[in-house]
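Residue numbers (full-length UniProt numbering), protein chains in the order written: chain A, 1 to 269; chain B, 1 to 269.
Idealized CB from N, CA, C, for every residue including glycine.
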C-alpha cells in the first residue's frame with residue numbers, strides 16, 4: 001500500500017468508476033488501493049462529481065452505511081440527448097438507405113459502438129427509475145444496443161431466440177402473430193435465463209405494429225416475469241395504434257418514399 | 001471558453017478519452033474545451049498516461065502532425081488477463097452448467113457486460129497489431145462479446161446471419177457443413193455491410209470443429225474481404241485438428257462429463 005499523489009488518484013478513480021457504470025465500489029477498496037484516508041476519498045468524490053456535472057458527463061451516487069460506497073451513473077443530459085438524436089436522424093434520413101420494399105438500412109448505425117453507447121445511456125436516463133433486474137431483447141439486430149443499455153444499467157442481458165432451436169436446456173416457447181406481416185412465428189427462452197418474479201426492461205431496435213414486443217409480453221407472462229418498460233430506437237408513425245400501448249421510441253419514422261427517395265425520420269424527445 | 005482548474009481538467013480528460021477507446025481526439029479540441037494552452041495539455045496527457053500505467057488501466061497514444069492527437073488504448077496487462085481468465089474458467093467449471101447432450105451453459109456469462117468488456121480488451125491487446133477494419137461475428141450468442149471487441153478497437157461490427165432470411169438488400173449466401181454435426185447450413189451477409197478489400201477480425205464465443213468459422217472464411221472470400229485473425233472465447237480440446245488452422249482461444253474446454261458432473265476448462269493464455 002504505497003501512497004499515491006492526488007492527481008494520479010483522481011485520474012485512476014475517474015477511470016475505475018466510469019468504466020463500470022452502476023457498479024458499487026466500497027470506499028475501503030479505494031482506501032487500500034491508494035493508501036488514502038476515507039475523508040480524503042470523500043473529498044475526491046465530491047470533486048469528481050462536480051467536474052462530471054460541469055461537463056455533463058454523468059454523475060456519481062454515494063450510498064451510505066456499511067454496505068455503501070460510490071457508483072457512476074451514465075446519465076445523459078437533455079441537451080446532449082437532443083443533439084445526439086438529431087445527428088442520428090440526419091444519418092438515417094439518407095436516401096441511400098432505402099431498401100426495396102420500403103425498408104430502411106440501419107445495420108451500420110446499430111453496429112457502431114460509439115453510437116450505441118450513447119443510445120444505452122439515453123435509455124438508462126429515461127428508465128432507471130423503473131429499477132429493472134434484466135434487460136431483454138430479441139435476436140438479432142437489437143442485441144448491440146440492448147447490450148449497451150445493459151451495460152449502462154450494470155444488468156445482465158437476456159436474449160429471446162426466434163424459432164425454437166434453443167439448445168440451452170429446458171425452454172419455454174410461444175407462438176405470436178407478426179403485427180405487420182400477419183405471419184405466425186415462434187420465439188423461445190431457456191428456463192434458466194431468468195428467474196420468476198424478475199423485473200424486465202425490453203429494448204429493441206425497431207417497432208412497426210409491435211407484434212414482436214407483444215410476443216415478448218406473452219413470453220414474459222409464461223415465465224412469470226414482469227415487463228416494466230419498453231424502449232425502441234426507431235418506432236414508425238403508422239400504424240398509430242400498436243399492439244403494445246406503453247413504449248418509448250427515441251426516433252419516429254414518418255415515411256419512407258421509394259419513388260421520391262425521401263426518408264422522413266425525426267427525434268421524439 | 002472559460003478556464004478550467006487543473007484537477008477538473010484531468011478528470012474530464014480521463015473520462016473523455018477512456019469512454020471512446022481508439023478515438024483520436026485533436027489537442028485543439030481540448031484546448032478550446034478547457035481554455036488551456038497546448039503545452040499544458042501535453043503535460044496533462046503525460047500525467048494521465050503515467051497514472052494509467054501505474055494502475056495497469058491501458059495506455060495513451062499520441063499521434064503527431066496536423067492530423068494528430070491523442071487516443072486511449074484499452075490494453076490489458078498479462079497479469080490482469082491471467083487473473084481474469086482464471087476467474088472466468090472457475091465460473092464456467094460449475095457442474096450446474098452441464099446441459100443434457102454434454103453442452104455447457106454459457107449465456108449468462110456471455111451476456112454480462114462487465115465480463116465482456118474485459119474479453120474485448122483482451123482480444124484488442126492480442127490482435128491490435130493486425131490492424132483490422134471490421135470485427136465480424138455470426139449470430140447470436142457471440143454478438144455481445146464481438147461488439148465489445150469492436151468497441152475496444154473503435155471499429156464497426158458486421159454480423160453474419162444464419163440462413164438466408166436477410167431483408168437488407170442484395171446479399172451473398174454460402175452453404176457450409178457444420179464441423180461437428182455434419183449438417184448443411186447456410187449463412188449470409190448483406191452486400192452493403194462491408195466493402196471489398198476490407199481487413200476482418202473474426203470473433204466468436206465457441207469453437208468445436210471450426211465449421212462455422214470455416215463458413216465465414218468462405219463467405220469472406222465471396223465478398224472479397226480478408227480475414228486477418230480469429231479469436232474465440234472458448235475452444236474445445238477435441239477434435240485437435242480444426243477446420244481452421246490459425247485461431248486464438250482464450251479458454252480451452254477439455255471435457256464435459258455428464259455422468260461424473262465434471263467440467264474441465266482452463267485458461268489458454
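1. Within 8 Å of any Cβ in chain B, is that where the Cβ of residue 206(A) sits?
2. Residue 171(A): which of 153(A), 155(A) and 191(A) sits nearest, CA to CA?
3. Enumerated in chain order, which unbroken segments of the beta strand (DSSP E) with a length of 3 residues or greater are wholly contained in the stretch 159-221 of chain A?
4. Hey, is residue 247(A)'s beta-carbon within less than 8 Å of any beta-carbon in chain B?
5. I want to know whether the stretch 137-150 of chain B touches the stretch 142-150 of chain A - three or more CB-CB distances under 8 Å.
6. What do you get for residue 266(B), buried or exposed, if any count of 16 or more other CB atoms within 10 angstroms of its CB means buried?
7. Does the stretch 185-202 of chain A touch the stretch 51-61 of chain A, meaning 3 or more C-beta pairs lie closer than 8 Å?
8. Is the Cβ of residue 1(B) closer than 8 Å to any Cβ of chain A?
9. Can you tell me whether residue 265(B) is helix, strand or coil according to DSSP?
10. Return helix, strand or coil for residue 249(B), following the three-state DSSP convention.
11. Rounded to whole angstroms, what's the CA-CA distance from residue 46(B) to residue 36(B)? Just pull it up for me.
12. Please confirm if residue 51(A) has its CB atom under 8 Å from at least one CB of chain B.
13. Quick one: give me the first and last residue of the alpha helix (DSSP H) that residue 127(A) is part of.
14. How big is the Cα-Cα spacing for residue 245(A) and residue 136(A)?
15. Listed in chain order, which residues of the stretch 70-102 of chain B have Cβ atoms closer than 8 Å to some Cβ of chain A?
16. Within a Cβ cutoff of 6 Å, which residues of the same chain sit near residue 164(A), ignoring the five residues on either side of it in sequence?
17. With DSSP as the reference, label residue 259(A) as helix, strand or coil.
18. Beta-carbon separation of residue 249(B) and residue 216(B) under 8 Å?
19. Under a CB-based cut-off of 8 Å, is residue 257(B) close to chain A?
20. Report yes or no: do three or more beta-carbon pairs, one from the stretch 212-231 of chain A and one from the stretch 121-141 of chain A, lie closer than 8 Å?
21. Look up residue 16(A) in the DSSP assignment and say whether it is helix, strand or coil.
22. Can you tell me which of the three DSSP states residue 61(A) falls into?
23. I think residue 201(A) touches residue 85(A), with their Cβ atoms under 8 Å apart; what is that distance to the nearest whole Å?
24. List, in chain order, every chain B residue whose beta-carbon is nearer than 7 Å to that of residue 20(A).
25. For residue 156(B), return the contacting residues in chain A, with the cut-off set at a CB-CB distance below 9 Å.
26. Since I believe residue 152(B) is in contact with residue 123(B) (beta carbons under 8 Å), could you give me their beta-carbon distance rounded to a whole number of angstroms?
27. Could you confirm whether any beta carbon from chain A is found closer than 8 Å to the beta carbon of residue 7(B)?
28. In its own chain, which residues sit with a C-beta less than 7 Å from the C-beta of residue 141(A), not counting the 5 before and 5 after it?
29. Counting C-beta neighbours from all protein chains within 10 Å, is the total for residue 44(A) 16 or more, i.e. buried, or is it exposed?
30. Is residue 132(B) close to chain A, meaning its C-beta is less than 8 Å from at least one C-beta of that chain?
31. State the DSSP-derived secondary structure class of residue 86(A), mapped to helix, strand or coil.
32. Taking 8 Å as the threshold (C-beta atoms), are residue 256(B) and residue 98(B) in contact?
33. Would you mind reading off the limits of the alpha helix (DSSP H) that contains residue 148(A)?
34. Would you say residue 265(B) lies against chain A (beta-carbon separation less than 8 Å)?
35. Exposed or buried, what is residue 221(A) when buried is set at 16 or more other beta-carbons lying within 10 Å of its beta-carbon?
36. Just verifying my parser: in three-state terms, what is the DSSP assignment at residue 106(A)?
Short version:
1. no
2. 191(A)
3. 171-177, 184-190 and 199-207
4. no
5. yes
6. Label assigned to residue 266(B): exposed.
7. No: the two stretches stay apart, fewer than three of their Cβ pairs being nearer than 8 Å.
8. Legend: pLDDT at residue 1(B) = 49, less than 50; position of this residue unreliable, no value from coordinates given.
9. strand
10. strand
11. Spanning the two alpha carbons is a distance of roughly 15 Å.
12. yes
13. 113-127
14. 18 Å
15. Here the close residues are 99, 100 and 101.
16. 173, 186 and 188
17. coil
18. no
19. Cβ-Cβ to chain A under 8 Å: no for residue 257(B).
20. yes
21. DSSP places residue 16(A) in helix when its eight states are reduced to three.
22. strand
23. At roughly 19 Å, the Cβ-Cβ gap does not stay under 8 Å, so residue 201(A) and residue 85(A) are not in contact.
24. 114
25. Under the 9 Å cutoff, chain A gives 108, 111, 112 and 113.
26. 7 Å
27. yes
28. When the five nearest sequence neighbours on each side are left out, the beta carbons in the same chain lying within less than 7 Å of the beta carbon of residue 141(A) are those of 107, 110 and 205, in order along the chain.
29. buried
30. Interface residue (Cβ-Cβ distance to chain A less than 8 Å): residue 132(B) is not classified as such.
31. helix
32. yes
33. 143-153
34. no
35. Classification for residue 221(A): exposed.
36. Looking at residue 106(A) - three-state DSSP - the assignment turns out to be coil, as it is neither helix nor strand.
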